[in-house]
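Read top to bottom, the protein sequences are chains F and Z. Everything in the first sequence is counted per numbering that gives the first Met the number 0, starting at 0 for the first residue and increasing by one. Everything in the second sequence is counted per numbering that gives the first Met the number 0, starting at 0 for the first residue and increasing by one. All C-beta atoms, glycine included, are put in the ideal place defined by N, C-alpha and C. Note that the structure is a prediction, hence the values are computed from the model and not measured. See below for the structure under consideration.
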Amino acid sequence: MNYRQKRIAINNIVMTLSTISALIGLSFLFWILGVLIFNGIEALNIGIFINEGAPPGYENSGLKQALIGQLLIVMYATAAGVPLGVLAGTYLSEYSQGSKLAEIIRDISDIMMSAPSIVIGAFVYAIVVIPMGHFSGYAGAIALAIIMIPIILRTTDDMLQLVPSTLREAAFALGAPKYKVIIQVVYRGARAGVLTGILLGIARVAGETAPLLFTSFNDNFLNTDMNEAMASLTVTMYNYATSPYEDWQRLGWAAAFILSMFILSLNIIGRLFLLQKRGK
Amino acid sequence: MGIVIDKLFAFSTKIIALSILLIVAWIFTVLFQHSLDSINAFGFDFLVETKWAPNLEKFGALPAITGSVISTFLAMLLAVPIAIGVAIFLSEIAHHRLKAPVGVSIELLAAIPSVVYGMWGLFYFVPIVRDIFGGLGIGMLTAGIVLAIMILPFMAAVTRDAMNTTPDILKESAYALGATKWDVVKNIIIPYAKAGIIGSLILALGRAIGETMAVTFVMGNVHKISTDLSAPATSIPVTLANEFTEADTDLYFSSLFELSLILLVISFTIISIAKFYFLRRKRRL
Numbered sequence: 000m001n002y003r004q005k006r007i008a009i010n011n012i013v014m015t016l017s018t019i020s021a022l023i024g025l026s027f028l029f030w031i032l033g034v035l036i037f038n039g040i041e042a043l044n045i046g047i048f049i050n051e052g053a054p055p056g057y058e059n060s061g062l063k064q065a066l067i068g069q070l071l072i073v074m075y076a077t078a079a080g081v082p083l084g085v086l087a088g089t090y091l092s093e094y095s096q097g098s099k100l101a102e103i104i105r106d107i108s109d110i111m112m113s114a115p116s117i118v119i120g121a122f123v124y125a126i127v128v129i130p131m132g133h134f135s136g137y138a139g140a141i142a143l144a145i146i147m148i149p150i151i152l153r154t155t156d157d158m159l160q161l162v163p164s165t166l167r168e169a170a171f172a173l174g175a176p177k178y179k180v181i182i183q184v185v186y187r188g189a190r191a192g193v194l195t196g197i198l199l200g201i202a203r204v205a206g207e208t209a210p211l212l213f214t215s216f217n218d219n220f221l222n223t224d225m226n227e228a229m230a231s232l233t234v235t236m237y238n239y240a241t242s243p244y245e246d247w248q249r250l251g252w253a254a255a256f257i258l259s260m261f262i263l264s265l266n267i268i269g270r271l272f273l274l275q276k277r278g279k
Numbered sequence: 000m001g002i003v004i005d006k007l008f009a010f011s012t013k014i015i016a017l018s019i020l021l022i023v024a025w026i027f028t029v030l031f032q033h034s035l036d037s038i039n040a041f042g043f044d045f046l047v048e049t050k051w052a053p054n055l056e057k058f059g060a061l062p063a064i065t066g067s068v069i070s071t072f073l074a075m076l077l078a079v080p081i082a083i084g085v086a087i088f089l090s091e092i093a094h095h096r097l098k099a100p101v102g103v104s105i106e107l108l109a110a111i112p113s114v115v116y117g118m119w120g121l122f123y124f125v126p127i128v129r130d131i132f133g134g135l136g137i138g139m140l141t142a143g144i145v146l147a148i149m150i151l152p153f154m155a156a157v158t159r160d161a162m163n164t165t166p167d168i169l170k171e172s173a174y175a176l177g178a179t180k181w182d183v184v185k186n187i188i189i190p191y192a193k194a195g196i197i198g199s200l201i202l203a204l205g206r207a208i209g210e211t212m213a214v215t216f217v218m219g220n221v222h223k224i225s226t227d228l229s230a231p232a233t234s235i236p237v238t239l240a241n242e243f244t245e246a247d248t249d250l251y252f253s254s255l256f257e258l259s260l261i262l263l264v265i266s267f268t269i270i271s272i273a274k275f276y277f278l279r280r281k282r283r284l
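Right under this line is the structure:
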């Protein structure tokens, strides 16, 4: 075998190996996806949406409490996290002028995006649950908001910087004050990108379980009072899946399916926004 | 009037941006304060004591720390070669019509909540491990594998992004000289994107070590250091997830807070290394 043949042989071996590893990786992932879809669709029925949780063995048990609880917690978290994240991102992109401080804020946010979410749960437990004396939906929402802010901050920052500075200059030349330039010109120019960031931020926190375990805790019955312990799809999924009862486990799969589909749709919609913008 | 609003807007964005730093500092302070009881009671021994006995008020973090380290190490051992393989596949091998759909589906899989991976592990993977290795099927080995699968999409996606930073012109020049794909990967992409690739892998490591839900289902939460990888074990996040709502004494709580602090410090350090050492963002002009 001459040198050239040897190189080609090595190339073929390595390329086959990495194709195989891609196949292994993908097959595991599609196995999980398949299991999720198969079990989820099997467990889905209309009762899940209209009934509350029931002891194992009861016919009419559902996930209404978890669906509504999840929605409330994520909505409150979004209501707090989105404005804070967008405004902080606005500061970084529009006002900081490349200062050292802005760089530090960017770096810390990047680190927080990958920090363990269960630690945020412990933190919120210490500052909200202990003083209040009980678990609450608010505590869960605060934990999720803390996780969401760095994500939205960083995407807003990046997206606003993509807006061409000539647009800003044109608006300034017309005599507009800076806040008007930002709100009416920069935000408008970056709308699709910022919106995508927000959707991805919501998708990310909606799937979080660990920070809710000891903040919003769980409840087997419908509760819309954010001041009380509240069910969420993720914590319910965890409790039901680890229970020995088959009907609870089925509900767990239904919850997993509904939540995953919700999160995947948010991700896909976010991507479409960006594609559409690029297409223009 | 306009000037007032202008100043107010500028000021409030600045305050909010600064509050991010404040929150992070606050997290460290609060966790430290709540750990004080445990730090005073056990001191440095907390880190090397192997006994975790709530009924005796005796807490040692070594089993949880070792568990975190070993399960993450196993996960990295399995995930890194596959992730690199997937990244090479996506950047050099796959047909361009295949690149986008496979790439996007990997990114979407990274978005699936980790609790789903944990649930899959419990119902579908634990029985397999039980059949092969005997015992309960839950433990370090299972946790490592499930963690590897969970972290794989993220790791593959960021590694591919790092590889894709290599300018096409460099690759094309090499191909023009008659290089094979492997020559290009080995002599062009890896040298060019080395820092980015290593940084991505370490970033994934930082995420894996703090991951809770993928491992909680399959770890078993047993505070024991065992040489048998298929025996039930625990890790810091698993202990926190299982015991936080059960803690009944101040010292118990405090020990759990100290565990959270240790976990935060470990993952903060790992992620910082990835970010500052390998992934230093090029300053924008």
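Look at the stretch 2-18 of chain F: the residues with a C-beta under 7 Å from a C-beta of chain Z are Arg6, Ile7, Ile9, Asn10, Val13, Met14, Leu16, Ser17 and Thr18. Residues Glu51, Gly52 and Gln64 of the same chain have their beta carbon placed closer than 7 Å to that of Phe220(F), with the five preceding and five following residues left out of the count. By the C-beta density criterion, Met218(Z) is buried, having at least 16 other C-beta atoms within 10 angstroms. Judged by beta-carbon spacing, Ala138(F) lies within the 8 Å limit of Val127(F), meaning their Cβ atoms are closer than that value.
For Glu168(F), the enclosing alpha helix (DSSP H) stretches over residues Ser164 to Ala172.
When only Cα atoms are considered, Asp130(Z) and Asp227(Z) end up about 16 Å apart. Counting the other CB atoms within 10 Å of its CB gives Asp44(Z) a total below 16, which places it among the exposed residues. Inclusion of Val85(Z) and Gly24(F) in the CB contact set at 8 Å is warranted, their separation being smaller than that value. In summary, Pro236(Z) is buried, with 16 or more beta-carbon neighbours lying within 10 Å of its beta-carbon over all protein chains present. Put simply, the backbone Cα of Gly56(F) is about 46 Å away from that of Pro80(Z).
Gly33(F): member of the alpha helix (DSSP H) spanning Tyr2 to Ala42, first to last residue. For Lys13(Z), the enclosing alpha helix (DSSP H) has its first and last residue at Gly1 to Phe41. Residue state for Phe58(Z) is assigned as strand, using DSSP reduced to three classes. When C-beta atoms of the stretch 176-183 of chain Z are compared with those of the stretch 86-95 of chain F, fewer than three pairs fall below 8 Å, so the two segments do not count as touching. Neighbours of Gly196(F) in chain Z, taken as residues whose beta carbon is under 8 Å from its own, are absent, since the nearest beta carbon is some 14 Å off. Under the three-state reduction of DSSP, Ala232(Z) is assigned to strand.
Along the stretch 242-273 of chain F, the positions whose C-beta sits under 7 Å from a C-beta of chain Z are Gly251, Ala255, Leu258, Ser259, Ile262, Leu263 and Asn266, read in chain order. At a cut-off of 8 Å, the C-beta of Ser20(F) has a neighbouring C-beta in chain Z. Gly219(Z) is bridged by DSSP to Ala232(Z). In the three-state reduction of the DSSP assignment, Ala78(Z) falls in the helix class, which pools H, G and I. Under a 10 Å Cβ-count criterion, Lys274(Z) is classified as buried, with 16 or more other Cβ atoms of the shown protein chains found around its own Cβ. In this structure, the straight-line span from the alpha carbon of Leu7(Z) to that of Thr248(Z) is close to 47 Å. Shown in chain order are the members of the stretch 79-90 of chain F whose Cβ falls below 7 Å from a Cβ of chain Z: Leu83, Leu86, Ala87, Thr89 and Tyr90. Here Ala52(Z) carries a strand assignment [DSSP, helix/strand/coil]. In its chain, beyond the 5 residues on either side, Pro149, Ile150 and Arg153 have a beta carbon closer than 8 Å to the beta carbon of Met112(F). In this structure the stretch 194-210 of chain F touches the stretch 71-88 of chain F; the number of beta carbon pairs closer than 8 Å is three or more.
Taking the beta carbon of Ser135(F) as reference, no residue of chain Z falls within 8 Å; the closest one sits roughly 14 Å away. In this structure the stretch 90-106 of chain Z does not lie against the stretch 259-273 of chain Z, because fewer than three pairs of beta carbons, one per stretch, are closer than 8 Å. Taken atom to atom, the span from the alpha-carbon of Ser199(Z) to that of Glu242(Z) is near 32 Å.
Within the same chain, and ignoring the five residues on either side of Leu151(Z) in sequence, the residues whose Cβ sits closer than 7 Å to its Cβ are Ala78, Ile81 and Ala82.
Out of Pro190(Z), Met149(Z) and Ser70(Z), the CA that lies nearest to the CA of Ala110(Z) is found in Met149(Z). At a Cβ-Cβ threshold of 8 Å, Ser231(F) and Pro112(Z) do not count as neighbours. Within chain Z, not a single residue places a beta-carbon under 9 Å from that of Phe37(F); the smallest gap is close to 11 Å.
Per the coordinates, the alpha-carbon of Phe272(F) lies some 10 Å from the alpha-carbon of Arg190(F). Here Gln4(F) is exposed, its C-beta having fewer than 16 other C-beta atoms within 10 Å.
For Ile110(F), the closest alpha carbon among the candidates Ser234(Z), Ala203(Z) and Met162(Z) is that of Ala203(Z).
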